[in-house]
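In what follows, a structure is listed as structure tokens, so that the remarks can point back to it.
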Amino acid sequence: MSVLLHIDSSPLGSASISRSLSAHYVEAWQKSNPEGKVITRDLNANPVPLIDANWIGSSYTPTDARSDEQKAVLALSNTLIGELREADEYIIGLPMHNFNIPSVLRLWIDQIARAGETFAYSSEGPVGLLKGKKATFIVASGGVYGPGSQMESFNFIEPYLRAAFGFIGVSDVRFHLAGGASAVAQGKVDREEFLKTHAANIQADFQVA
Ligand SMILES: Cc1cc2nc3c(=O)[nH]c(=O)nc-3n(C[C@H](O)[C@H](O)[C@H](O)COP(=O)(O)O)c2cc1C
Numbered sequence: 000m001s002v003l004l005h006i007d008s009s010p011l012g013s014a015s016i017s018r019s020l021s022a023h024y025v026e027a028w029q030k031s032n033p034e035g036k037v038i039t040r041d042l043n044a045n046p047v048p049l050i051d052a053n054w055i056g057s058s059y060t061p062t063d064a065r066s067d068e069q070k071a072v073l074a075l076s077n078t079l080i081g082e083l084r085e086a087d088e089y090i091i092g093l094p095m096h097n098f099n100i101p102s103v104l105r106l107w108i109d110q111i112a113r114a115g116e117t118f119a120y121s122s123e124g125p126v127g128l129l130k131g132k133k134a135t136f137i138v139a140s141g142g143v144y145g146p147g148s149q150m151e152s153f154n155f156i157e158p159y160l161r162a163a164f165g166f167i168g169v170s171d172v173r174f175h176l177a178g179g180a181s182a183v184a185q186g187k188v189d190r191e192e193f194l195k196t197h198a199a200n201i202q203a204d205f206q207v208a
């Protein structure tokens with residue numbers, strides 16, 4: 000059975016462009032995988048906490064030596080890593096906030112990037128431990144940051160996510176940039192038309208798959 004992990008990180012609820020488009024992806028995925036399972040992780044409805052000194056100390060304490068308190072500190076991290084392991088594929092919807100990923104998604108990355116769990120140090124340097132996974136990111140932004148655009152060099156999201164996911168072993172990544180959402184907010188572009196155009200691009204993933 001195929002498993003899809005669906006992560007959303009926009010604070011805007013039903014008004015969110017990235018949430019609408021990630022929901023569209025999930026719908027298309029379910030049509031292609033009628034027997035499949037979807038795990039949903041909403042980082043705004045259930046925000047993950049900051050990592051602190053206790054968390055860092057616990058994560059670097061060998062598993063067998065952890066106190067009950069340390070185990071409790073890592074419980075959420077273990078759950079989140081379990082979701083990454085269980086799923087074959089990830090769909091992650093995110094807004095661009097200040098040229099980067101939203102802070103709730105960054106907190107999630109801090110929780111799942113763990114030595115001995117999602118990456119390991121080897122004699123040849125760090126190696127990612129998640130294998131055979133595929134990630135699709137749907138990025139909504141007010142401006143346009145695609146290849147050749149004036150603002151392309153301000154897109155810190157794509158290189159960062161490629162590096163962060165590559166580090167844990169997920170190098171099969173794909174980006175859908177839903178740029179130009181400010182025109183929707185200003186009423187210059189119809190929201191449904193905007194969503195339809197980007198949904199068609201997402202749909203194409205399933206036709207070639
Ligand atoms: C706090 C905040 C910061 C933002 N920063 C940027 C930015 O740096 N660049 C940009 O193009 N749009 C920026 N925007 C606009 C959002 O990217 C845009 O509204 C997008 O639709 C958000 O995705 P969502 O609709 O899924 O929440 C920002 C919006 C907010 C609320």
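Per numbering that gives the first Met the number 0, residue 0 is the first one in the sequence shown, and the count goes up by one each step. Ideal Cβ placement from N, Cα and C applies to all residues, glycine included. A quick note: this is a predicted structure, and the numbers were derived from the prediction, not measured.
Backbone CA spacing between residue i and residue j [nearest angstrom]
i       : j       : result
Gln-69  : Trp-54  : 7 Å
Pro-46  : Met-150 : 30 Å
Thr-196 : Lys-133 : 23 Å
Ser-19  : Leu-176 : 13 Å
Phe-193 : Phe-164 : 28 Å
Val-72  : Asn-99  : 28 Å
Phe-205 : Ser-140 : 23 Å
Glu-191 : Ile-16  : 10 Å
Leu-42  : Ser-122 : 35 Å
Lys-187 : Phe-153 : 24 Å
Gln-29  : Arg-161 : 25 Å
Leu-129 : Ala-182 : 38 Å
Gly-127 : Glu-116 : 9 Å
Ala-180 : Ser-102 : 20 Å
Glu-34  : Met-0   : 6 Å
Ala-144 : Tyr-24  : In the sequence on display, residue 144 carries Tyr and not Ala. Taking the straight line from one Cα to the other gives about 21 Å.
Arg-105 : Asp-189 : 31 Å
Tyr-59  : Arg-65  : 9 Å
Gln-185 : Pro-94  : 17 Å
Coarse secondary structure for residue i, derived from DSSP in three states
i       : result
Leu-93  : strand
Asp-41  : strand
Ile-50  : coil
Tyr-120 : strand
Ala-162 : helix
Lys-195 : helix
Val-2   : strand
Phe-153 : helix
Gly-12  : helix
Ile-55  : helix
Lys-70  : helix
Gly-168 : coil
Rounded distance between the beta-carbons of residue j and residue i, thought under 8 Å
i       : j       : result
Arg-88  : Ile-38  : In the sequence under discussion, the amino acid at residue 88 is Glu, which differs from the Arg named in the question. 11 Å between Cβ atoms; not a contact.
Tyr-120 : Ala-114 : 7 Å
Leu-211 : Leu-83  : This structure cannot settle anything about residue 211, because the visible part of the chain is limited to 0 through 208.
Ile-137 : Ala-27  : In fact, because the Cβ distance is near 12 Å, the residues do not count as touching under 8 Å.
Ser-9   : Gly-92  : 7 Å
Ser-13  : Ile-90  : Incorrect: roughly 18 Å between the Cβ atoms, too far for contact.
| field | Any heavy atom of ligand 1 within less than 5 Å of residue CB: hits in chain order | value | Going by the Cβ distance cut-off, the answer is Ser-9, Leu-11, Ser-15, Ile-16, Ser-17, Pro-94, Met-95, His-96, Asn-97, Phe-98, Ala-139, Ser-140, Gly-141, Gly-142, Ala-180.
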